[in-house]
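For the record, the sequence lines run as chains U and X.
In terms of our numbering, the first sequence opens at residue -10 and continues consecutively.
In terms of our numbering, the second sequence opens at residue 1465 and continues consecutively.
For every residue, glycine included, the Cβ atom is placed at its ideal position computed from N, Cα and C.
Notes follow once the structure below has been shown.
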Amino acid sequence: GESVGLHLPTLSVQEGDNSIINCAYSNSASDYFIWYKQESGKGPQFIIDIRSNMDKRQGQRVTVLLNKTVKHLSLQIAATQPGDSAVYFCAENRPAGGTSYGKLTFGQGTILTVHP
Amino acid sequence: DAGVTQSPTHLIKTRGQQVTLRCSPISGHKSVSWYQQVLGQGPQFIFQYYEKEERGRGNFPDRFSARQFPNYSSELNVNALLLGDSALYLCASSGAGTGWYGYTFGSGTRLTVV
């Protein structure tokens, strides 16, 4: 069925390196994409989002790139820090139509480990 | 400002029992969604409520039900609990307004069924 998936389940980097986490989505009707960070025992924390009419969006140390042609989403974290260690999820919003705001479909998640 | 608050934070129940989980959205948010997150997986959509009406339902059995109150808080009820219902239950609120989703999650309720 339709899903959002991640290419790499784990990513290990050194402190100060740049990290790139990838995500593939399958529903071309999805209009909104979000990256979440989840630490152990906590709920997903919003990192950055991007609408389907955009290709790139930058935040503080993070950049999200959207390639609608190949249905690919990536999260780039600059100067990765040990505090960035967590599970990262991409999620797509699929509009349900009418007055519904739709629902988020999450990918599998990527475990990012940052070594000091 | 308070974020999304959920209660209780942890809960242990016995198979066959019923459970009620509670969620208070961010002030001004009118939409509440519920997600189930099994260990090692991404959250799975259960319900969405907006203005006290169900706007979406995921692929969950009828043992799962929810409602939203006039103050926009919400409850998730699960009847006849199974071991497989053990999970982190997340509530997310989102703002009203055209084209803005802004889903914000609470810290969740960890439900353990024994």
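Contact check, residue i vs residue j, beta carbons under 8 Å
{"i": "Ala21(U)", "j": "Leu62(U)", "result": "It should be noted that the sequence gives Tyr, not Ala, for residue 21(U). No, the Cβ-Cβ distance between Tyr21(U) and Leu62(U) is not below 8 Å."}
{"i": "Trp1498(X)", "j": "Ala1530(X)", "result": "yes"}
{"i": "Val1468(X)", "j": "Gly1559(X)", "result": "no"}
{"i": "Asn1543(X)", "j": "Gln1505(X)", "result": "no"}
{"i": "Ile39(U)", "j": "Arg50(U)", "result": "no"}
{"i": "Gln1500(X)", "j": "Gln1512(X)", "result": "no"}
{"i": "Gly1566(X)", "j": "Leu1554(X)", "result": "no"}
Cβ of residue i within 8 Å of any chain U Cβ
{"i": "Gly1520(X)", "result": "yes"}
{"i": "Thr1576(X)", "result": "no"}
{"i": "Gln1532(X)", "result": "no"}
{"i": "Gln1512(X)", "result": "yes"}
{"i": "Gly1492(X)", "result": "no"}
{"i": "Gly1561(X)", "result": "Residue confidence for Gly1561(X) is low, a pLDDT of 45 falling below 50, so the modelled location carries little weight; the figure read from the coordinates is stated next. For Gly1561(X), the answer is no, since every Cβ of chain U falls outside 8 Å of its Cβ."}
Other residues of its chain near residue i: CB distance less than 6 Å, five sequence neighbours each side excluded
{"i": "Thr52(U)", "result": "Gln65"}
{"i": "Ser1537(X)", "result": "Ser1488"}
{"i": "Val76(U)", "result": "Gln27, Gly98, Ile100"}
{"i": "Phe1524(X)", "result": "Ile1510"}
{"i": "Val3(U)", "result": "Reading the sequence as shown, one finds Gln at residue 3(U) and not Val. Excluding sequence neighbours, Gln3(U) sits near His104."}
Cβ neighbours of residue i in the same chain (closer than 8 Å, five flanking residues each side left out)
{"i": "Arg1479(X)", "result": "Leu1545, Leu1546, Leu1547, Val1577, Val1578"}
is_contact[residue i, chain X] using C-beta, thresh 8 Å
{"i": "Gln49(U)", "result": "no"}
{"i": "Gly72(U)", "result": "no"}
{"i": "Ile23(U)", "result": "yes"}
{"i": "Gly98(U)", "result": "yes"}
{"i": "Gly5(U)", "result": "no"}
{"i": "Lys26(U)", "result": "no"}
{"i": "Lys31(U)", "result": "yes"}
Chain U residues whose Cβ lies nearer than 7 Å to that of residue i
{"i": "Gly1548(X)", "result": "By Cβ distance, chain U contributes nothing, its closest Cβ being about 19 Å from Gly1548(X), past 7 Å."}
{"i": "Ser1571(X)", "result": "Lys31, Gly32"}
Contact list for residue i against chain X, beta-carbon separation under 9 Å
{"i": "Leu114(U)", "result": "Residue 114(U) lies beyond the residue range present for chain U, which begins at -10 and ends at 105; the question has no answer from this structure."}
7 Å Cβ shell around residue i - same chain, five flanking residues per side excluded
{"i": "Ser19(U)", "result": "Ser41, Glu81, Asn82, Arg83"}
{"i": "Ile1476(X)", "result": "Thr1576, Val1578"}
{"i": "Asp6(U)", "result": "Thr69"}
{"i": "Ser1557(X)", "result": "Val1468, Pro1489, Ile1490, His1493, Ser1495, Val1496, Thr1568"}
Proximal chain U residues relative to residue i, where beta-carbon distance stays under 9 Å
{"i": "Ser1471(X)", "result": "Residues of chain U passing the Cβ test: none, with the nearest at roughly 13 Å."}
{"i": "Gly1480(X)", "result": "By Cβ distance, chain U contributes nothing, its closest Cβ being about 27 Å from Gly1480(X), past 9 Å."}
Check: residue i C-beta below 7 Å from any heavy atom of the ligand HEM
{"i": "Arg1521(X)", "result": "As for the ligand HEM, it is missing from this structure, which has no ligand bound."}
So within the segment 14 to 59 of chain U, which uninterrupted beta strand (DSSP E) runs reach at least 3 residues, ignoring any that extend past its ends?
21 to 27, 34 to 40, 45 to 47, 51 to 56
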